[in-house]
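Residue numbering for the sequence shown is 41 to 340, as defined by the numbering used here.
We treat Cβ as the ideally placed atom computed from N, Cα and C, and that holds for glycine.
Worksheet for the structure shown next.
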Amino acid sequence: MLLDCIIIGGGPAGLNAALVLGRARRKVILFDEGKPRNAVTRESHGFITRDGTAPSEFRRLAHQDIRKYPSVEFRTEKITEAARHTGFLEVTTLQGAVYHTKKLILATGLKEVLPDIPGIHDYYGQSLFSCPYCDGWELRDQPLVVISEDVPRLLHLTQILWNWSRDLIICTNGAGVLTREHKEILHRKHIRCHEQRIVSLAGQNGRLSRVLFSGGEETAVSGGFISPETFQASDLAKSLGCMMNPSGGLMTDEFGRTSIPGIYAAGDTAVIAPSQVIIAAGEGSRAAIGVNTDLAHEEF
Numbered sequence: 041m042l043l044d045c046i047i048i049g050g051g052p053a054g055l056n057a058a059l060v061l062g063r064a065r066r067k068v069i070l071f072d073e074g075k076p077r078n079a080v081t082r083e084s085h086g087f088i089t090r091d092g093t094a095p096s097e098f099r100r101l102a103h104q105d106i107r108k109y110p111s112v113e114f115r116t117e118k119i120t121e122a123a124r125h126t127g128f129l130e131v132t133t134l135q136g137a138v139y140h141t142k143k144l145i146l147a148t149g150l151k152e153v154l155p156d157i158p159g160i161h162d163y164y165g166q167s168l169f170s171c172p173y174c175d176g177w178e179l180r181d182q183p184l185v186v187i188s189e190d191v192p193r194l195l196h197l198t199q200i201l202w203n204w205s206r207d208l209i210i211c212t213n214g215a216g217v218l219t220r221e222h223k224e225i226l227h228r229k230h231i232r233c234h235e236q237r238i239v240s241l242a243g244q245n246g247r248l249s250r251v252l253f254s255g256g257e258e259t260a261v262s263g264g265f266i267s268p269e270t271f272q273a274s275d276l277a278k279s280l281g282c283m284m285n286p287s288g289g290l291m292t293d294e295f296g297r298t299s300i301p302g303i304y305a306a307g308d309t310a311v312i313a314p315s316q317v318i319i320a321a322g323e324g325s326r327a328a329i330g331v332n333t334d335l336a337h338e339e340f
């Protein structure tokens, strides 16, 4: 059977694409291996009517909405290969099952690599976060640590956070070098700087309370923000020959079309940043409209 569209990725982008295509009466299968990047997150924010909803609850409600439309199927399988053929695309699952489709939406998202700090995973998603727009409100007016080994990203994150808390400590974890000019600017804002390596984090039940440095110094905090490295979670786009944009996402047009005909991208896979549920969902809707529009034109 030749499907209208296969969607790879069951995050907000893939789910919203499935909803739009289901309502357009398109035959769709959404593949999701069930390993979301926001699995450590307890609440997601910034999505009107869904502010504070747990990601797992968001997915449950999304599946509930989509199941109203019988032309959409869900498969909890990993797609390991994708190939183009004349007139259709082919995907293969880890189990070896093969599916054919007219269009393909890549909503595979990103993977993160956190700074190399002992114990950081114990706090990430509970009191250490990466997005001030998602979690800054909950940590407002508290003493916060800002950690990044990339100085430009560290300074950008600090500038954004300053509106939520004026009690900031920034750390390069021994990797980045702050110039004298950087330090003078930060000093004028009463922002403390630590360029030593962080040897450990301390706290209880996921709540960060202290940062300990290689020189023996330590500082008390209530939480903080980090700037993890992000990479494409899947190599499928690369194997298909899709062009990348300067930010490391897939290059797309206004309807999610990539540089390869028949292949579309949505969510963090294309946008990279800002990374928010509401933006990813909107990207999914846009790509789905692109798919349906192109299918309709081809049918005529």
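- Helix, strand or coil for VAL317 per DSSP? helix
- Query: If you scan the stretch 195 to 257 from start to end, which runs of the alpha helix (DSSP H) of 4 or more residues do you find wholly inside it?
  - Reply: 220 to 228
- Query: Looking only at its own chain, which residues have a Cβ that is under 6 Å from the Cβ of SER254, when we skip the five neighbours before and after it?
  - Reply: GLN236, ARG237 and VAL239
- If you compare alpha carbons, which of ASP181, PRO183 and THR219 is closest to PRO192? THR219
- What do you reckon, are the CB atoms on ARG180 and SER111 nearer than 7 Å? no
- Message: Report the start-end ranges of each beta strand (DSSP E) in the stretch 117 to 186 that is 3 residues or longer and not cut off at the edges.
- Response: 119 to 125, 128 to 133, 138 to 146 and 150 to 153
- Message: If contacts are defined as beta-carbon pairs under 8 Å, then GLY149 and ARG77 qualify, I think. What distance do you get, rounded to the angstrom?
- Response: 6 Å
- Identify the residues that DSSP records as bridge partners of CYS45: which are they? VAL68 and LYS143
- Would you report the Cα separation of VAL311 and GLN182, rounded to the nearest angstrom? 31 Å
- Contact belief for LEU195 with SER267 at Cβ below 8 Å, rounded distance in angstroms: Incorrect: roughly 10 Å between the Cβ atoms, too far for contact.
- Message: With DSSP as the reference, identify every bridge partner of TYR304, one or two as the case may be.
- Response: ILE145 and ARG297
- Query: If TRP204 sits next to TRP177, beta carbons under 8 Å apart, how far is it from one beta carbon to the other, in whole angstroms?
  - Reply: 7 Å
- Message: By DSSP's criteria, GLY263 is part of a beta bridge. Which residues make up the other side?
- Response: LEU184
- Message: Can you list, in chain order, the residues of its chain with a C-beta nearer than 8 Å to that of ARG326? Leave out the 5 residues immediately preceding and following it.
- Response: GLU294, PHE295, GLY296 and ALA306
- Any chance the stretch 86 to 103 sits against the stretch 124 to 136, with 3 or more Cβ pairs inside 8 Å? no
- Message: By the three-class DSSP mapping on this structure, what secondary structure does GLU269 have?
- Response: strand
- Message: Contact between the stretch 316 to 336 and the stretch 140 to 147 is defined here as three or more beta-carbon pairs at a separation below 8 Å; is this criterion met?
- Response: yes
- Got a sec, what are the start and stop residues for the alpha helix (DSSP H) GLU97 sits in? 95 to 106
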